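Enquirer: All residue numbers for the sequence shown refer to this note's numbering, where the first residue is 159 and numbers rise by one. From the three backbone atoms N, C-alpha and C, an ideal C-beta is built for every residue, glycine too. Note that the structure is a prediction, hence the values are computed from the model and not measured. Here it is, the structure, as structure tokens.
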Amino acid sequence: MYIKIYTKSQLILLRRLKPLLKKKYQLPDEIMDKIEIILKDRKLGKSGFVAILLELITNDITGIKDILDCYPRKLHIGEDIEDVSVIDDGSWLTRYREWYLDTLKLQDDGSKVYAIYSMTLKALYGEEH
């Protein structure tokens with residue numbers, strides 16, 4: 159499951175819905191801020207979007223492609239993976255997780271998909287923290 163954001167107005171709506179959710183299910187502010195920066199500073203293209211992947215990713219690009227399921231369109235790996243600094247507040251979205259931003263490109267029109275996802279420290283480093 160993931161949340162797809164195309165425009166600033168969708169991000170504003172997501173921010174306004176945040177207080178209605180229990181603390182456990184609220185997206186970290188750092189993720190919301192990163193999405194705002196992407197929408198402001200980067201070009202998405204005709205059919206590009208920002209995707210917040212809520213499920214844990216175990217093997218980077220394959221897991222991301224499986225969740226996004228853009229078939230029949232092909233996704234290609236774009237630029238470098240960026241770290242998204244998120245404070246561990248003990249919620250299930252932050253506990254023992256590292257957050258990342260990966261840029262993918264849709265082959266047919268060159269639009270960009272910015273995938274924000276998390277991996278557990280165990281998956282990254284092979285041990286429980």
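#1: Which stretch, first to last residue, makes up the beta strand (DSSP E) that contains S276?
#2: Checking the sheet assignment: what are the DSSP bridge partners for W257?
#3: According to DSSP, simplified to helix, strand and coil, what is Y164?
#4: If you draw a straight line from the alpha carbon of G206 to that of I163, how long is it in whole angstroms?
#5: Please list the segments of the alpha helix (DSSP H) lying wholly inside the segment 165-221, counting only runs of 4 or more residues, in order along the chain.
#6: I235 to Y160, Cα distance in whole Å?
#7: Quick one: grab the DSSP three-state call for L226.
#8: When you compare the CB positions of K181 and V242, do they come within less than 8 Å of one another, or not?
#9: Can you round the beta-carbon distance between V271 and W257 to whole angstroms, since I take them to be within the 8 Å contact cut?
#10: Here's the rule: buried if 16 or more other CB atoms are within 10 angstroms of the residue's CB, otherwise exposed. What is S167?
#11: Less than 8 Å between the C-beta atoms of L197 and L169, yes or no?
#12: Just to confirm, are L171 and L251 a CB contact at a threshold of 8 Å?
#13: Is the separation between the beta-carbon of I219 and that of I189 shorter than 8 Å?
Expert: Per the coordinate set shown:
#1: K270 to T278
#2: V242 and S276
#3: coil
#4: 9 Å
#5: 166-175 and 187-199
#6: 19 Å
#7: helix
#8: no
#9: Wrong, their Cβ atoms sit about 17 Å apart, outside the cutoff.
#10: exposed
#11: yes
#12: no
#13: no
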